[in-house]
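Written below as structure tokens is the structure these notes are about.
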Amino acid sequence: MFRTFILATTALAALPAFAGEVNVYSYRQPELIEPLIAGFQQATGNTANVVYIDNGITERLVAEGPRSPADLIFTVDVARLEEAREAGVTQPVQSEILNANIPAEMRDPDGNWFGLTTRARIVYASKERVGEGEVTTYEDLADPKWAGRICTRSGTHAYNIALLSAIIEHDGIEAATDWAEGVKANLARPPEGGDRDQVKAIWAGECDIALGNTYYMGAMLADPEQQDWANAVRLDFPTFADGSGTHVNISGVAMVKGASNEAEALAFMEYLSSPEAQQIYAEVVNEYPVTPGTPPSDLVASWGELTPDTTSLTAVASNRAEALKIMQSIDFDN
């Protein structure tokens, strides 16, 4: 089977635009996408050519304008999807298949982007030092009982901005500011590293709980050097104090404005929402499928039951500028 994965530095001319092909700019790493490319080709006979880009997809599309060879973008975090929509580099897609397979809160109301998987932002808790049931809500993390016991990555990272954006949506700006200040006061150390580094810190005894995304547990368990970190923690699924579920974010897809291969691009989008592709996502990336009725992998299911917050992700993403302002105004990282 023909599958192409091209580094971001590859010349644009290296991306062909022949019939039966679709060209993709992707934040998602090639090893995560390759099984989906193979499944798409087998299901449709079309080929997908993927350029992996570490950052700046929206800026690149703006710079390329109508000359861009890209038909689709794959990205993580609803804020990046909204960024692309706001920059005018996406186009609305109308598809009964996509609308049937993807819940309304997981897609743009006008069809500019569609969620493909969800990842929950949860609490990694020390099995030795934190009892089951001690962590119940996100708001509880600002309680002084956690003073000197929390680790997290930068407060201005997209994952934490998304969580704070959700808290703004649920509790309001004033309460969200108080929450951010409370969490900062409870930190065991200044924010540093990624989510896996926080789990390592728990294992090392530097803190007792940490914010992190669920799928990192799968990555750590697959790495012999990180298995001890993973086995030192338990995943707790906080909810919001108003009774809503656990905060989730998405990976998603959007069709590029002026796409040269619209039919193939739409076919790929619809394939990605199919039970077959959703099951591949579940097994390969340790995330939760968005299509109702598609179960998570056995490994993901073993971490605990997820009841996702059903608040519109578009509404959550609309708060990201205010969330960033809060983190910067309280100097969260210092």
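Per mature numbering (1 follows the signal peptide of the UniProt record, and there is no 0): the sequence shown = residues -19 to -1, 1 to 315.
Virtual Cβ for every residue (Gly too), placed ideally from N, Cα, C.
Keep in mind that this is a model prediction, so the values were computed, not measured.
- Counting only runs that start and end inside the stretch 256 to 280, the alpha helix (DSSP H) elements of at least 4 residues fall at 256 to 266.
- The alpha-carbon separation between A182 and W284 amounts to approximately 20 angstroms.
- Taken in chain order, the complete alpha helix (DSSP H) segments of 4 residues or longer contained in the stretch 191 to 218 are 196 to 202 and 208 to 212.
- Per DSSP, M87 lies in no alpha helix (DSSP H) segment and is marked neither H nor E.
- Contact check for V237 against S49 passes: the beta carbons are separated by less than 9 angstroms.
- For the 9 angstroms CB-CB criterion, T220 and T288 form a contact.
- Every alpha helix (DSSP H) of 4 residues or more that sits fully in the stretch 1 to 68 is shown, in chain order, as 11 to 25, 38 to 45 and 59 to 67.
- For T220, no alpha helix (DSSP H) encloses it, and the DSSP letter there is neither H nor E.
- Distance between A222 and Y119, taken at the CA atoms: about 7 angstroms.
- Closest by C-alpha distance to S255, out of A244, S241 and P276, is P276.
- Beta-bridge partners of L97 (DSSP): none assigned.
- Measuring C-alpha to C-alpha distances from Q309 to each of G193, E63, L253 and H138 identifies H138 as the nearest.
- Per the DSSP secondary-structure output, C132 pairs in a beta bridge with A191.
- Taking a cut-off of 8 angstroms for Cβ pairs, the stretch 100 to 114 and the stretch 24 to 44 do not touch, as fewer than three such pairs fall below it.
- Short of 8 angstroms from the beta carbon of L53, and not among the five residues preceding or following it, lie these beta carbons of its own chain, in chain order: V3, N4, V5, Y6, V234, A235, M236, V237, A240, A246, F249 and M250.
- The Cβ atoms of I131 and A81 do not sit closer than 9 angstroms to each other.
- Assigned with DSSP and collapsed to three states, S146 falls in helix.
- Under the 10 Å beta carbon count, G193 is surrounded by 16 or more other beta carbons and is classified as buried.
- Straight-line measurement puts the Cα of P273 at about 8 angstroms from the Cα of P84.
- CA-to-CA, the gap between L42 and D91 works out to about 20 angstroms.
- Within its own chain, the residues whose Cβ lies closer than 6 angstroms to the Cβ of A51, once the five positions on either side in sequence are excluded, are N4, Y6 and V237, listed in chain order.
- One thing to note: G20 has its Cβ no nearer than 9 angstroms to the Cβ of Y196.
- Between A157 and L145 the beta-carbon gap is near 6 angstroms, inside 8 angstroms, which marks them as a contact.
- The criterion of a C-beta distance shorter than 9 angstroms is satisfied by T292 and E150.
- No Cβ-Cβ contact shorter than 9 angstroms links R215 with E63.
- Excluding residues up to 5 positions away in sequence, D52 and M236 lie with their Cβ nearer than 8 angstroms to the Cβ of E243 in the same chain.
- Residue environment analysis places N267 among the buried positions, since at least 16 neighbouring C-beta atoms fall within 10 angstroms of its C-beta.
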